[in-house]
Structures are given as C-alpha cells and as structure tokens.
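Protein chains in written order, with the working numbering: chain E, 128 to 338; chain Y, 128 to 338; chain B, 128 to 338; chain P, 128 to 338; chain S, 128 to 338; chain F, 128 to 338.
The C-beta atom is built at its ideal place from N, Cα and C for all residues, glycine as well.
A quick note: this is a predicted structure, and the numbers were derived from the prediction, not measured.
6 protein chains.
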Amino acid sequence: MAVSPNMGPASIEGHYDEVISALGVVDEVRKGSAQGFHGYLVACFDDPGLHAAREVANGPVVGIAEAAMHMASFICEGFSIVATGHRNRIILEHLVRAYGMEHKCRKVRTTELAVLDLEVEGSEARNVILEECRRAIAEDHSDCIVLGCAGMADLVDYISRELGVPVVDGVAAGVKMLEGLIGMGLSTSRACGYAYPNLKRYDGEMARFQP
Amino acid sequence: MAVSPNMGPASIEGHYDEVISALGVVDEVRKGSAQGFHGYLVACFDDPGLHAAREVANGPVVGIAEAAMHMASFICEGFSIVATGHRNRIILEHLVRAYGMEHKCRKVRTTELAVLDLEVEGSEARNVILEECRRAIAEDHSDCIVLGCAGMADLVDYISRELGVPVVDGVAAGVKMLEGLIGMGLSTSRACGYAYPNLKRYDGEMARFQP
Amino acid sequence: MAVSPNMGPASIEGHYDEVISALGVVDEVRKGSAQGFHGYLVACFDDPGLHAAREVANGPVVGIAEAAMHMASFICEGFSIVATGHRNRIILEHLVRAYGMEHKCRKVRTTELAVLDLEVEGSEARNVILEECRRAIAEDHSDCIVLGCAGMADLVDYISRELGVPVVDGVAAGVKMLEGLIGMGLSTSRACGYAYPNLKRYDGEMARFQP
Amino acid sequence: MAVSPNMGPASIEGHYDEVISALGVVDEVRKGSAQGFHGYLVACFDDPGLHAAREVANGPVVGIAEAAMHMASFICEGFSIVATGHRNRIILEHLVRAYGMEHKCRKVRTTELAVLDLEVEGSEARNVILEECRRAIAEDHSDCIVLGCAGMADLVDYISRELGVPVVDGVAAGVKMLEGLIGMGLSTSRACGYAYPNLKRYDGEMARFQP
Amino acid sequence: MAVSPNMGPASIEGHYDEVISALGVVDEVRKGSAQGFHGYLVACFDDPGLHAAREVANGPVVGIAEAAMHMASFICEGFSIVATGHRNRIILEHLVRAYGMEHKCRKVRTTELAVLDLEVEGSEARNVILEECRRAIAEDHSDCIVLGCAGMADLVDYISRELGVPVVDGVAAGVKMLEGLIGMGLSTSRACGYAYPNLKRYDGEMARFQP
Amino acid sequence: MAVSPNMGPASIEGHYDEVISALGVVDEVRKGSAQGFHGYLVACFDDPGLHAAREVANGPVVGIAEAAMHMASFICEGFSIVATGHRNRIILEHLVRAYGMEHKCRKVRTTELAVLDLEVEGSEARNVILEECRRAIAEDHSDCIVLGCAGMADLVDYISRELGVPVVDGVAAGVKMLEGLIGMGLSTSRACGYAYPNLKRYDGEMARFQP
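Laid out in structure tokens, this is it:
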C-alpha cells in the first residue's frame, strides 16, 4: 500500500525539503506500525528519515536510493546515478559514501530538470535524461544506470532499450529488497543504534510525535 | 544569543529524536535570519538539521560536533569522542566519517548515561565520564578528548586537569569557528548544494515551513 | 535447483581450494545456461568464480557472501561475520573490502572449526559458533550476525533466539537477491567487464572450457 | 607579529625547498617560545615543518593549508585548491589526504605561475588565477575556492566578486583558527606524538638546534 | 626458467580466462615446488591464481601487476596503467584497490587492442599504446607509465624515450622483486591465510589437484 | 657505501629530529650525486627527507620504511610494525597511510625503548622487542613482522626463529629495492613533482643549500 504523507513539500529537492519531509515519513511509518504493516519503503531517492523510521517501525524499512545502489552492485562493474536538479548532487554523493558505494558508483550526474518536470506530459525531460545516461556510458565507463529519482520509474524500459545496459529503478528495487527481508523473517536490529526511541517529553507542536 | 526551540524532544538521543529536533533547528534559524543574526550554532552533538539550516540561514551555520572535531585535529595526534548513551555511537561514527575524521578519531566511546543524567545535581555522571576518558587515553592511545554532548561543557577543566590532555567542548569550539568565519566575511556558498530552497507548495501541518 | 559440481574439493578452505572449485562453478553455470536457467547462486561463502560465472551465465549470478553482507546492511548498524577456520579470515576480509562493506562489517571472526565439522552430528560446532557470536556482540558492538559459511544455515534460528539479534544466512539471502533481480528483469551488464568471453583457443585439459 | 626566517629559500616550491625552509620555521618557533608568544602560524601553503614546530612551541601551531581547508569545509559542498606551479600539485594532494579532506577537496589545480610571479606589479598572474578558478567551478562542480599560496591573499575579494562563491585565504583562516584555539585555552597535546623533543646530542652545523 | 602452462587459454582477457588460467598457474607452481625451484613469477598482468599459488609454493610467489605497481611507487608521484582491451579495465581497477595503490595509480587506461595483437609483426599496436601513454601524461598528470600486459615488455625503451618518463614493465619488475625476496631469505608466511592447503578429498577431473 | 651525516641528532625520535636530520640527508645525497653514485637509501625508519632527496639525487632514492612495507606486502596476509618509543607511533601511522598500506599493516606497535637502547650491550631491548612481536601475532592476527627501526637489523633471525614468521628489516629491503630499480634502469621521474629544484636565492645559513 503506497501512501504520500499529507504534510510536507510537493517535491524533495535539497536538505531543507528533506528535513521537512522526514517528518512525514516517520509519521506514516508510525501509523503503519500501529496498523501492523510488515515493512516500509521510503520512496524518495534522498532516503529522507530512513534511519529514524527504522527506530519506530515494526518491520524492516528500506530507502529507494540504498536499494537501487545495492541491487545495481550485483549486475555491473560500475554504475552512474542520473538524477534531477544540480542541488541534489551533494546529497546523492553523501549517500554513495554512506552506503559504501564509492567503488561501484562512478559518477553522480544531475540535470537542469526539476523533479516536477518529470510529471509534465510531453516535456523534454525524457530526452534530457536519456542523453545524460548516454554520456554516463561514454564518459564514465559505466555499464549500468541507476535512476536517481522516484519519478523516473517509467523510463526504465525506454533507456535500457536505447542504450543496451541494465537500468535500475529504486522503487522496484526497494520493493524487492523488502520482499526479500520479510521473506527471510529479518527486521531492523533492536540491540543498539536502532532501538525504539527513549521515552521522554516532547514539547510544543512536536508533542504528538512523542514516542 | 542562545535559543532552545519551543518544540521538540527534551533531549536528543537517536535518529528519531534527531529528525524531530531538526525541525526546531530550521525553524529557529529562519526566525533568526528574518531578524538579521550573523551566524548560527547548532548546539547538539548530533548536528541535527545542520545541512538544512545552511540552506535557509543568512549567515554561516556551524554544528558543535563538526566544530569540535575540526578544532581538535589541530592540537593532537588522535582523539577519542566520549559521549552519553550507547545508541548514539552509530550517529557519531557516521559524523566522523562524514567529516573526514577517520584518521584523527581513534574511537567513539559511549556510556550508560542518559543525556539528562548530566543535569542531575550530585550524580555519578561526572565520574563515569572521567573514567571513560581515562580508558580512551590508556587503550585508544588518544592524546585528546572530544566531549560528545553539549551538556558536558562544564567538565572540560576538571577532566583536562585530571588527565593532563586537552579536552575540547563543542559549544566553545563552535562559537570560535563562527567568530572566525564571520570575521573573515565567509558564509555558506549559494552556488550549488546549499542554495536557498526551491519555491514550491508545502502541505498540511508543514505549510508554515514553506520557503 | 541446487547442484554440487562433480569435481573439486570436498570443502573450500583457502585460496587454493577456491581456485579449484571456481572451475566447477563456471562449469555448472555453463551447463545451466545451455539449459536456460534464469539465475545462479554460488553457494560457498568465499564466492569462488563469481565474476567469471557472470561472463558465461545467461542470467544474473549472485554469491552468498555478497548477498548476505548487502542484505545485512539494511537491518543493522554494524555486523560481524562468524566463520570457520582461521585461514579463511583473509579471504573474507578481502571480500568485505571488495564489496565496500568496511563501514558495516565491524569484524571478521573465525573459529577453530573446519567446514566439515559443521556436518558432524552431535559435535561441539554449534556451541563454538554461538559463543563466537556472543563475543561479536559484546566486543565488536555489532547488532547483527552474518554467518560466514553455507553450512551454518540451520543455526540461524537458534543463534537469533539465543542472542536477540538478526542473523543472516547467505544462502537464503542469495536466493532472495536472485528472485529480486529476476523479478525486475535485471541481469549482468554485457557492456563492459562482464561481456561474454572473447573467442580463442583453449589448450590441453582445459580445451573443453573453450567459450 | 609576522617574521620571515632569515635563512632559507626565497620561495617554497617542491619538497627540497620545503625541507630547507622547515628549519627556518622551527628556528623561529623556538625563538618565539623563548619570548613567550601565544601561538604560531606557518604561513606557507605547504605547511613546512608544521609537526616539528608543534613539538617545540609553547602554544598552538597552525598551518595555513590546514586552516584554509578546515575552514572551507564549513561553508561549501566541495572546494578546489588553486595554486601556483605544477610541481606543487603532489605536495598539496598529499596534504589533502593527510588532513582527511578527500571528501571535500574536489581537485587540486595548479598553474604555470611561479610563486614570485604573484609579487610582480602588473603581471598576468591575477588573471591566470581567476581563469583557473572559473574552470574549477565549471568543471569540478566546486562551490568554493581555496587559494593555494600565501601570496594570493589580496585576490580574495576580486575572485569572490567575479565568481560569486566564497574564496578562502589560508593566512586569514590560520589567524582565526589560532585566535579560536588560544581563546579556548587549547594547545598541542604533550601526551604522545607531540611531546617536547627527547634530549640528546646534536652534531655539527646542527648543534645549535639541540633541544 | 620460464614455463607456459600446457593447458588454458591462448591469452587472458577477462575473469573467465583468469579462472581457467589460474589452474595452469597452480599446476606449474606445484610441479616447480616438487623440483625445488626458489621462487615463482606469475607472468600475466591479471595476476591469476596468485594467492592460491602462494599456498602451494615452496618459495615466494610474485605477480607482475603487483610487482610493477609497487616498483613504480618508488619513482613517481603518480602512474597510469596502460593495458589492452577494455574488458580488462575492471580487473585492473580491482587489483589497484587490492594492492592499496589508489593513491598512486591515477588511472587505468585500456585500448581497443586484443592481447594477441601485440604479437603481430608490423601492427599498429605499438603506436596505439604510445598515444594512450601520451594521453596519460597530458590528461592524468601521471609522471610514470605502468605497462598493463606482459606482452608489452619490448615497448619499454621506445615509450620511455619518446615521452621522457620512466616506464615499468611487470615482468622485469617481478624478477627483481623475486631476486630481492630470495636474497633476503624471505618467503610467504605459513602462519595464517597462506598455510599449505588443508588435506581433503578432491573429486572428479580435479582429483589430481588434491594437495 | 654507507654514510652517516656529520650533522644532526644522534638518533631520530619524533618530528623535530626528523626535520633536522632531513637536512643531513639531502646534504649527503647532493654530495653523492656530485660523485656519481647510482642510488640512495635513507636508512632511518621515519624516511626523513625522502621526497626532497628524490629531487636532488641523480638516481633512485628509497626509504627503509617504504621498502620494508612494500616488500612485506608480497609475503603475508598482514603485518605489524614493531618500533621503539611511543612518540614514533604517529609518524609511522602517517607513513602507513602515505604508502597505501592500511590494508596490510594491522597495527603499529611501539615500546618503551629509546632508539639508543638498542645499541647497549646486554640490555633487555632484545626481549622487549621479541615479546611485542609475540603480542602482534597473537592479538593483531599478523603473520609477518616489520621491524620499525634501522637499529633492529640484527634481530631478524632471532625473532623469525622464535616466532616462526617472516621478519622484514628495512635496511636489507631497501638495498634490494635499490638493486632492483637500478638493475631495471629506473630512476625518479623528472616530469612533475620530483623535478630538480627551481633555481632561486637561498639566504643566510642555508645559502650553501642553494640548488
């Protein structure tokens, strides 16, 4: 079941949007845990609120950026991430480093596109992305593309067919990782850094987020 | 001028608390920017909301963990961070990595203490911290201590005197870094990843955070 | 369908065994590809012949060590690998490095056990492994165990229940990764380092391995 | 109080110049310590003699390369260092690595300029540097410039205005770091690798450097 | 005494060829050890079977890729490896990483050449290699070339004279490393990961490889 | 031909001694180059003045620490360096990092010994070193010892026999590396960072070091 938090930015571009949207993420995960869902997918390529969600979720939590990178690492010698606006480059580079993917990710490539351009019928977005992927293969020596935005999922087949390399979409990768974890009976360890939040007072507007 | 956000957890322990408190951080920084402050210090050793605050602040923003580690790197061959509860270890280890301090930080050490224990008159907290620092010097070969919690500032002199090594408090370090940056006329670059947030719709409870 | 090559060592311990068994791996994968299987799992924790198998397979190939480590990275702050004989430590440490898992794998732990001890009814193997896992949690601050041998699969539940942390078995993890890749229609990229082997003469005993 | 050692090369370009000038550095620091100065700035971007100076100084010692890089790390997503002659590249790359700045320094850029060209009235040096900085922003995706030579301090405002990004001069950064350290009462730890030199015989021309 | 195994591929290009040729390597090393040779050189730039050979050899074993890279590290600030077909790039990049040469190897460069092209009288191979080396110096800022194929040994003088930088051939480097090790009385440590293979049953075609 | 500079400290312990002794190193190398020697060995385990010597030498220059570590990397899975006084640890750790040996050097171990203790007849030095080596094998899982001081050369056989692992002495290793480089006709590249020093004025006491 996919939900979009009913609070937060219309799209996530940069650290500020990320902080705000993280709140929506943990909110939905808490609701889901109360209802007994089995696992959670954070479906924005910045993986906002991922670690926090792990503390309050009753099952495994997967981010689409981490899922896409890990999945891609099994099928190529090196991939490039192709994403939207330039301001996202640093966030993705930090994720590459955080997930130990420096040896697999040959380059993070960003474009002039805004996230919401991807949803505009008949826009040039599709071709802008394709050309950036083409450069990734020619210049980065990458043999796989990771699409760096949840909104690019419907480009997978098109780009893969045009360029002849595997193309990884984070949402699909995340669903598969979740299915795998749940199927193995695995969930986030409670023994240390992802224990349930300590009980304490939460003040003001945030009172309702008290664990 | 020091402010404590009027919303958020009473102390910050773990990723969930961090996400919630980051909202208070960006809120205060936006208020401060409207009033024309010159710089901002995020005074929790997890550096919550640091990158987001840089996007909306009108001047430099410094986190006390990053300030303490950078400052310490000038005066020692290697330091240990001594912090409170064990669940914070992973967050601090991630910061060490994010700040490029793997070559200087010999170990992150945590204790059984909760953050709020530090404020209890006559508690054992003071000695627990001192003994952990002593082990850091003996076992990690560290020649400097970085105190991993804003609430430990008043232990600097005591520990330094007892152990004969420099002890770095993040709050003091952060103030000095800010003074330095402001004195040099430097502030966060707007040219790329820390540009002001893109204008867009923010929904629901988060509407008032719209950039 | 699980096959065990009909040539090679009875168990795989060290680099020499690995080289010999890699031949059996590529042999079986070539047979499987001729029969049209959809994917391949290399079910020894040294991942012998993994990269070579990718060149000749008609579908994705997964190693159980890489699968276990990647899967574990989604559910813990840090894991220890607990394996058999000490001579395997260096091979596993090389894999940790090759898979970019230095930030997640806190320690490779080996025991006095030989691989075949695991199959002996009523042996002490079970307890030796459990005690090493217990030390991993206490001394390495790991909050997850990766079992470093295909022969330990039936210990997952026992150890997990005794120690209260998730325990990851590579065979199960590998099956899930394969299912995920196949489900997404992904297979090894042919664009570069994993292209089908160049056609050329193979001499002597190896003539039948000619691509 | 700024001093220039009365012995050593007229400018510092390469490892040989560095070794010779390091002697002047420790000589001045020893004189200063005898006179009771509070801190020391090594004002050449190769940081010659920095570690040795720490052993004999009575207060903190800061190098301008380390100060500039650390200071820059607080205000940008990534910086390029723009320096003089090509032979200096490797020394600066080693410093980037030694200071843990691989994640922040996107490129070390050198030019055909000699250090002393910077002091020639009406030379092209100013423009050569500016154009290299422009390339740093366009090609390296850097959003901040670190000037890699003490002689470039007067270009800070010009370049910053022309390119619209923060520009960091090491001398100014070093002064601020020193003020910060001294203000916090911090100095080099004596507990381990920066202890005062062991007493022993010094022979020949070097006799007067005996600790 | 140089031997070429009488089984295996005519040239080694890619992981599959590597696995097959590794068998020939360990076979020859076992024969040599029975005859009492003093040391062994694996003379293919992929270093196939190197670690396995160390387990069964009665003296030190050196690979030409590792020898060339280590030797080059003593005489330059940074080298580029210039090799044959593009499919070898990933194998060489893995070796760079495995040997800790990321700080010295500025780039792995491959060409359209097949290994066997190098042996064709009057081919363009010589010039293709030279031009790639020229680009390495101009674009990578390398000041040394490591030739990435055993078949390039006779190009050393030509390229070195044309480009004015040292050029390192792995076979010559390997011989020198072996002479050095043997001269010092050093051989592979038996204490841990390179102990003689464990005794056990080997099945089928591989029975004759039983340790 | 071995020379000991007629100026500088009686032994080298720490950064200050290193700076002073580097001057003696470059002085002797310049004299040697005028006389036409073929290569140079810097025979102190801190490798003082190594890079500078490369700029002024007429042949290859090798440091005993770099030679020992590289040589050891061919014969073991991991080594420990066992050295004299604790203040040398940080210098050796920096060298390990600078030479890309983090993956091979499992630990730098220092002892209470002063360098000159090694020369005292009948001292306990021999046993102190042996016991530290024993701990290296037991606790670090090292299967090789690198002796971290030129003055330990005569302990090689004793320790190797007692502990059953290869023991590497830097002086012997350095001689072999030099012989190898000279035999291959290789010397330091002049193309970039190790070019001969730029001509310029040298002042004061240092005038005679003018290139």
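Listed by chain order, chain E residues near residue i by CB distance under 7 Å
{"i": "K327 of chain Y", "result": "P136, A137 and S138"}
{"i": "F164 of chain Y", "result": "Those do not exist, as F164 of chain Y stays about 18 Å from chain E at its closest Cβ, beyond 7 Å."}
{"i": "S316 of chain B", "result": "I202, C203, D270, C271, V292 and P293"}
Per-residue contacts from residue i into chain E (C-beta, under 9 Å)
{"i": "C319 of chain Y", "result": "H213, R214, R216 and I217"}
Neighbourhood of residue i by C-beta distance below 6 Å, restricted to the same chain and skipping five residues each side
{"i": "D270 of chain E", "result": "C203, E204 and V292"}
{"i": "E155 of chain Y", "result": "V130 and P132"}
{"i": "A300 of chain F", "result": "A194, A195 and M198"}
{"i": "S138 of chain F", "result": "V242 and L243"}
{"i": "E266 of chain E", "result": "none"}
{"i": "L150 of chain Y", "result": "none"}
Environment of residue i [buried if 16+ CB atoms lie within 10 Å]
{"i": "D281 of chain Y", "result": "exposed"}
{"i": "E246 of chain S", "result": "exposed"}
{"i": "A334 of chain Y", "result": "exposed"}
{"i": "A318 of chain Y", "result": "buried"}
{"i": "K303 of chain P", "result": "buried"}
{"i": "D284 of chain Y", "result": "exposed"}
{"i": "N215 of chain Y", "result": "buried"}
{"i": "E258 of chain F", "result": "exposed"}
{"i": "H140 of chain Y", "result": "In the sequence on display, residue 140 of chain Y carries Glu and not His. E140 of chain Y comes out buried."}
{"i": "G307 of chain S", "result": "buried"}
Where residue i sits in the DSSP three-state scheme
{"i": "L168 of chain Y", "result": "strand"}
{"i": "G176 of chain F", "result": "coil"}
{"i": "S160 of chain E", "result": "helix"}
{"i": "E271 of chain B", "result": "This sequence places Cys at residue 271 of chain B; Glu is not what is there. Three-state DSSP puts C271 of chain B in a strand."}
{"i": "G190 of chain Y", "result": "strand"}
{"i": "G135 of chain B", "result": "strand"}
{"i": "V247 of chain B", "result": "coil"}
{"i": "V130 of chain F", "result": "coil"}
{"i": "N254 of chain S", "result": "helix"}
{"i": "L313 of chain E", "result": "coil"}
{"i": "C276 of chain E", "result": "coil"}
Cross-chain neighbours of residue i in chain E, by beta carbon under 8 Å
{"i": "A83 of chain B", "result": "Look at the range of chain B in this structure, 128 to 338, and you will see that residue 83 of chain B is not part of it."}
Proximal chain B residues relative to residue i, where beta-carbon distance stays under 7 Å
{"i": "V153 of chain E", "result": "Result: empty, since nearest Cβ-Cβ is about 18 Å, beyond 7 Å."}
Residue i - containing alpha helix (DSSP H), residue span
{"i": "S207 of chain F", "result": "No alpha helix (DSSP H) contains S207 of chain F, which is instead part of the beta strand (DSSP E) from F206 to V209."}
{"i": "A225 of chain E", "result": "R216 to A225"}
{"i": "Y285 of chain B", "result": "V283 to L290"}
Residue i, enclosing beta strand (DSSP E) - first and last residue
{"i": "R328 of chain P", "result": "That residue, R328 of chain P, is in no beta strand (DSSP E); it is neither H nor E in DSSP."}
{"i": "C232 of chain P", "result": "C232 to R236"}
{"i": "V294 of chain S", "result": "V294 to D296"}
Interface partners of residue i on chain B, CB under 9 Å
{"i": "A179 of chain S", "result": "G141, H142, Y143, D144, E145, V146 and I147"}
Contacts of residue i in chain S (Cβ-Cβ under 8 Å)
{"i": "A192 of chain B", "result": "Going along chain S, no residue has its Cβ under 8 Å from A192 of chain B, so there is no contact; the nearest lies around 16 Å."}
Chain-ordered neighbours of residue i on chain F, where CB pairs are closer than 8 Å
{"i": "V130 of chain P", "result": "Under the 8 Å cutoff, chain F gives no residues; its nearest Cβ is about 13 Å from V130 of chain P."}
{"i": "H70 of chain Y", "result": "With chain Y covering only 128 through 338, there is no way to say anything about residue 70 of chain Y."}
Cβ shell of residue i (< 7 Å), same chain only, five flanking positions each side left out
{"i": "A180 of chain F", "result": "V152, V153, V156, Y167, V169 and V188"}
{"i": "E261 of chain E", "result": "First, the residue type needs correcting, since residue 261 of chain E is Arg and not Glu in the sequence shown. Contacts found: L290."}
{"i": "I208 of chain B", "result": "L219, C232, V235, R236, V273 and G275"}
Spatial neighbours of residue i in its chain, beta-carbon cut-off 8 Å, leaving aside the 5 residues before and after
{"i": "D174 of chain Y", "result": "G190, I191, A192, E193 and L222"}
{"i": "N325 of chain E", "result": "P338"}
{"i": "I309 of chain S", "result": "H165, G166, G186 and P187"}
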